[in-house]
Amino acid sequence: MLNALITSMFAGLLELDNVQAGQFLLSRPAFAGPLLGWLSGCPLEGARIGLLIELVYMDFIPVGGVVPPNGLVAAATALLALTWAGLPESLAFFIGVFAGFLYGGVEYRLRTARSGWNTKIEAEVKDGTINIGRWLAGSLLLESAVTGAYIFFFSALVFIPAVFVKPAGIYTATNFAYSLMPWLGLSGLYFRFRTQVGKKG
Amino acid sequence: MSDEVENKNSSSTLYSLPSTLLSMFLRSFFIQAGWNYERSQNLGFVFSLLPALKNIYVHPEALKRAVLRHLEVFNTQPYMAGFVIGNVARMEEGLAPPFFQKGQSTGENSEALEKNMQGIKQALASSFASIGDRVFWGRLKPLTTQLCIVIWLGAGFYGWLFTGAGSEVPAAGLFAGPVSGMAVYGAFAVYLRWQGLKKGYACGGGANCGLDAMDWRKLIRRLSLAGFALSIVITLAAFALLIEFNRGLVSKSDLALKIGLVLSVLVVHRLARKFGRSIFFAIGLILAASIILFSVLKLPGFNIL
Chain D
7 MLNALITSMF AGLLELDNVQ AGQFLLSRPA FAGPLLGWLS GCPLEGARIG
57 LLIELVYMDF IPVGGVVPPN GLVAAATALL ALTWAGLPES LAFFIGVFAG
107 FLYGGVEYRL RTARSGWNTK IEAEVKDGTI NIGRWLAGSL LLESAVTGAY
157 IFFFSALVFI PAVFVKPAGI YTATNFAYSL MPWLGLSGLY FRFRTQVGKK
207 G
Chain A
241 MSDEVENKNS SSTLYSLPST LLSMFLRSFF IQAGWNYERS QNLGFVFSLL
291 PALKNIYVHP EALKRAVLRH LEVFNTQPYM AGFVIGNVAR MEEGLAPPFF
341 QKGQSTGENS EALEKNMQGI KQALASSFAS IGDRVFWGRL KPLTTQLCIV
391 IWLGAGFYGW LFTGAGSEVP AAGLFAGPVS GMAVYGAFAV YLRWQGLKKG
441 YACGGGANCG LDAMDWRKLI RRLSLAGFAL SIVITLAAFA LLIEFNRGLV
491 SKSDLALKIG LVLSVLVVHR LARKFGRSIF FAIGLILAAS IILFSVLKLP
541 GFNIL
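Residue numbers (the working numbering), protein chains in the order written: chain D, 7 to 207; chain A, 241 to 545.
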């Protein structure tokens, strides 16, 4: 459980790179997957899960105010479902993909909540206090904490039933579906660039 | 604007104060912090611009007014924000000194110039958002994923392709894949952030300022072609590996079935895209079909590898 907590918090820190700060791709699943996997003692599984999540999530682009599914959350949750809940990698992958998809709703609420800050900041500025950095630091802290907590609690939701129920009946099915995911991801890459070349820039 | 809205010495430009430019550059890495639906990147924009504003406006009232006008809605591609930040910093410098020097700090001119500045700011933000989205999100990022795949293939890590197969790869090899792409991507992004700020400041005030910093059209076209070529190479390599890994292990009919299954995945994805469905539709369809076949109908287990 301590390892799950540490992984979640570390993922929460990496998440800052996704939107809030830097954007050096430290939060990309293909990097975060092997990194978190390495910390949990399974770098190969982390690398595989990370890359496959990156490939399937590549369909979504964060243009304008669009909130795409979160690849880092997906990779971290999948790894915790694998290492903490002890589920097979294939099932853990699909759970992670689902968690990343649902996180879009959380991010939407965070962004909506921050809208309310504008009037408060304007009032502060009018009063002569210009301290935007403090608000941004709060935003970073909140984003990191919420992401970490989301990953931890989502993984706990998976862990608790997994202790009592081992749905072995669906493992064969998830293994088969999982073995097709690399090809689905590769087709995404191909279609993306083919469309772009067709559009001529 | 009243007479009290005066400025600092107009000779203190950002070029004479490189520390201000550097501070703006470092702060621009937080352009998206505080992103909100009401005004998008407004908080990050003001945070990045603040060193320049503090340098330009020594009077608290003037500074306050400048901050408030930039707390309005702002949204652009984060790596391209430097072009707009630099431009606005220059316009703010240009907005302030003439009123101070000529004593025209009241009246319609000031409002007209402020309005013009907001117009240029929004126009440039939209233009650079369009370019940046196509360069970074649409092309460079997927290209770094392709680079990762190529490096992993070169290092002999096929585990990402064959989920049922074990692999032995040193950690360095695993990290070399994503890190190499990140290094290229990061270097270009940082370069553009810095150059954008400098160029934006140098040509500040123009509605097309910085848009000619590169031949974006050619860059986008080349990136698209490179990505397309790599995607073909990777797909062909994947099929070659599929055949090679199964050779001698399964019958020809089983191999044909595997290739057929892989091709059917491509068809499913293509159809999903054609009918405007996301990749989640394809994933759901594959998962549902697998559960029906293997959990309900109890077919014997079968993996691509």
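No residue lacks a Cβ here, since even glycine has one placed at the ideal position from N, Cα and C. Note that the structure is predicted; figures quoted are calculated from it, not measured.
For residue i, report the span of its alpha helix (DSSP H) as first-last.
| i | result |
| --- | --- |
| E408 (chain A) | No alpha helix (DSSP H) holds E408 (chain A); DSSP gives it neither H nor E. |
| D494 (chain A) | K492 to K514 |
| Q26 (chain D) | No alpha helix (DSSP H) holds Q26 (chain D); DSSP gives it neither H nor E. |
| A528 (chain A) | I519 to S530 |
| N124 (chain D) | W123 to K132 |
| F160 (chain D) | I138 to F170 |
| S33 (chain D) | Run containing S33 (chain D): none; DSSP gives neither H nor E here. |
| M15 (chain D) | L8 to E21 |
When the cut-off is 8 angstroms and only beta carbons count, does residue i lie next to chain A?
| i | result |
| --- | --- |
| Y109 (chain D) | no |
| V103 (chain D) | yes |
| N76 (chain D) | no |
| A183 (chain D) | yes |
| A53 (chain D) | yes |
| R117 (chain D) | yes |
| L31 (chain D) | yes |
| F16 (chain D) | no |
| A80 (chain D) | no |
| V203 (chain D) | yes |
| A84 (chain D) | no |
| S161 (chain D) | no |
| V164 (chain D) | no |
| V112 (chain D) | no |
| L57 (chain D) | yes |
| G207 (chain D) | Caution is warranted here: a pLDDT of 46 is assigned to G207 (chain D), below 50, making its placement in the model unreliable, and the coordinate value is therefore given only provisionally. With 8 angstroms as the cut-off, G207 (chain D) counts as an interface residue toward chain A. |
| V152 (chain D) | no |
| E123 (chain D) | Reading off the sequence, residue 123 (chain D) comes out as Trp, not Glu. Output row for W123 (chain D): interface = yes. |
Of all Cβ atoms in chain D, is any one closer than 8 angstroms to the Cβ of residue i?
| i | result |
| --- | --- |
| R517 (chain A) | no |
| C443 (chain A) | no |
| A352 (chain A) | no |
| F340 (chain A) | With a pLDDT of only 42 at F340 (chain A), under the threshold of 50, the placement of this residue in the model should not be trusted; the figure read from the coordinates follows. Answer no: the Cβ-Cβ gap between F340 (chain A) and chain D never drops below 8 angstroms. |
| E373 (chain A) | Contrary to the premise, residue 373 (chain A) reads as Asp rather than Glu in this sequence. True, the Cβ-Cβ gap to chain D drops below 8 angstroms. |
| R379 (chain A) | yes |
| P258 (chain A) | no |
| P291 (chain A) | no |
| R487 (chain A) | no |
| Y425 (chain A) | yes |
| C388 (chain A) | yes |
| A496 (chain A) | no |
Is residue i helix, strand or coil by DSSP?
| i | result |
| --- | --- |
| N276 (chain A) | strand |
| F107 (chain D) | helix |
| F415 (chain A) | helix |
| G343 (chain A) | A caution first: G343 (chain A) carries a pLDDT of 41, below 50, which makes its placement in the model unreliable, though a value can still be read off. Residue state, collapsed to three classes: coil. |
| L314 (chain A) | Reading the sequence as shown, one finds Phe at residue 314 (chain A) and not Leu. F314 (chain A): strand per DSSP, three-state reduction. |
| F197 (chain D) | helix |
| R487 (chain A) | coil |
| M187 (chain D) | helix |
| C449 (chain A) | coil |
| K538 (chain A) | coil |
| A98 (chain D) | helix |
| W90 (chain D) | coil |
| W400 (chain A) | coil |
| D373 (chain A) | helix |
| M320 (chain A) | helix |
| V203 (chain D) | helix |
| T135 (chain D) | coil |
May I ask whether a heavy atom of the ligand PLP can be found less than 7 angstroms away from the beta carbon of residue i?
| i | result |
| --- | --- |
| A529 (chain A) | The ligand PLP is not part of the structure shown, which contains no ligands of any sort. |
For a cutoff of 8 angstroms on Cβ pairs, would you count residue i as touching chain B?
| i | result |
| --- | --- |
| A480 (chain A) | In the structure shown, chain B does not exist; the protein chains are D and A. |
Query raised in the report: Quick one, which residues of the region 61–72 of chain D are near chain A if we go by CB-CB under 9 angstroms, in chain order?
Result: L61, V62, Y63, M64, D65, F66, I67, P68, V69, G70 and G71
**Report entry** Short-range partners of chain D found in the region 301–320 of chain A, where Cβ spacing is below 8 angstroms
**Finding:** L303, K304, V307, L308, L311, N315, P318 and Y319
Query - Any 3 or more C-beta pairs closer than 8 angstroms across the region 461–474 of chain A and the region 182–201 of chain D - result: yes
Requested in this report: Name, going along the chain, the residues of the region 129–141 of chain D whose beta-carbon falls closer than 8 angstroms to a beta-carbon of chain A.
Outcome: V131, K132, G134, I136, I138, G139 and W141
Query raised in the report: Taking any Cβ of chain A, which residues in the region 170–200 of chain D have a Cβ under 8 angstroms from it, in chain order?
Result: G175, I176, T178, A179, T180, N181, F182, A183, Y184, S185, L186, M187, P188, W189, L190, L192, S193, G194, L195, Y196, F197, R198, F199 and R200
Query raised in the report: Pairing CB atoms from the region 298–310 of chain A with CB atoms from the region 416–423 of chain A, are three or more of them under 8 angstroms?
Result: No, the region 298–310 of chain A does not touch the region 416–423 of chain A.
Query raised in the report: Are three or more beta carbon pairs between the region 180–191 of chain D and the region 396–406 of chain A nearer than 8 angstroms?
Result: yes
Report task. Answer yes if the region 108–124 of chain D comes into contact with the region 64–81 of chain D, meaning at least three C-beta pairs across the two stretches below 8 angstroms, and no otherwise. Result -> yes
Query raised in the report: Which residues, in order along the region 258–284 of chain A, keep a beta-carbon less than 8 angstroms from a beta-carbon of chain D?
Result: F269, F270, Q272, A273, G274, W275, N276, Y277, E278, R279, S280, N282, L283 and G284
Query raised in the report: At a cut of 8 angstroms, does the region 452–464 of chain A reach the region 363–379 of chain A through at least three beta carbon pairs?
Result: Yes: the two stretches touch, three or more of their Cβ pairs being nearer than 8 angstroms.
Report task. Please list the residues of the region 358–370 of chain A that have a C-beta atom closer than 7 angstroms to any C-beta atom in chain D, keeping them in chain order. Result -> none
Query raised in the report: Is the region 42–62 of chain D in contact with the region 82–94 of chain D, if contact means three or more CB pairs nearer than 8 angstroms?
Result: yes
Query - Stretch-stretch touch, CB-based, cutoff 8 angstroms, three pairs: the region 266–276 of chain A with the region 22–40 of chain D - result: yes
Query raised in the report: Are there three or more Cβ pairs, one per stretch, closer than 8 angstroms when the region 350–361 of chain A is compared with the region 163–172 of chain D?
Result: Contact between the region 350–361 of chain A and the region 163–172 of chain D is absent: fewer than three C-beta pairs spanning the two stretches fall below 8 angstroms.
**Report entry** Interface residues of the region 412–440 of chain A facing chain D [CB-CB below 8 angstroms]
**Finding:** Answer in chain order: L414, F415, G417, P418, V419, G421, M422, Y425, G426 and A429.
Query raised in the report: Between the region 36–53 of chain D and chain A, which residues of the former have CB atoms less than 9 angstroms from a CB of the latter, in chain order?
Result: The region 36–53 of chain D vs chain A, Cβ under 9 angstroms: A36, F37, A38, G39, P40, L41, G43, W44, P49, L50, E51, G52 and A53.
Query raised in the report: Would the region 139–147 of chain D and the region 12–27 of chain D be scored as touching if the rule is three or more Cβ pairs under 8 angstroms?
Result: yes
Query - Three-pair Cβ contact test at 8 angstroms for the region 379–386 of chain A versus the region 425–436 of chain A - result: yes
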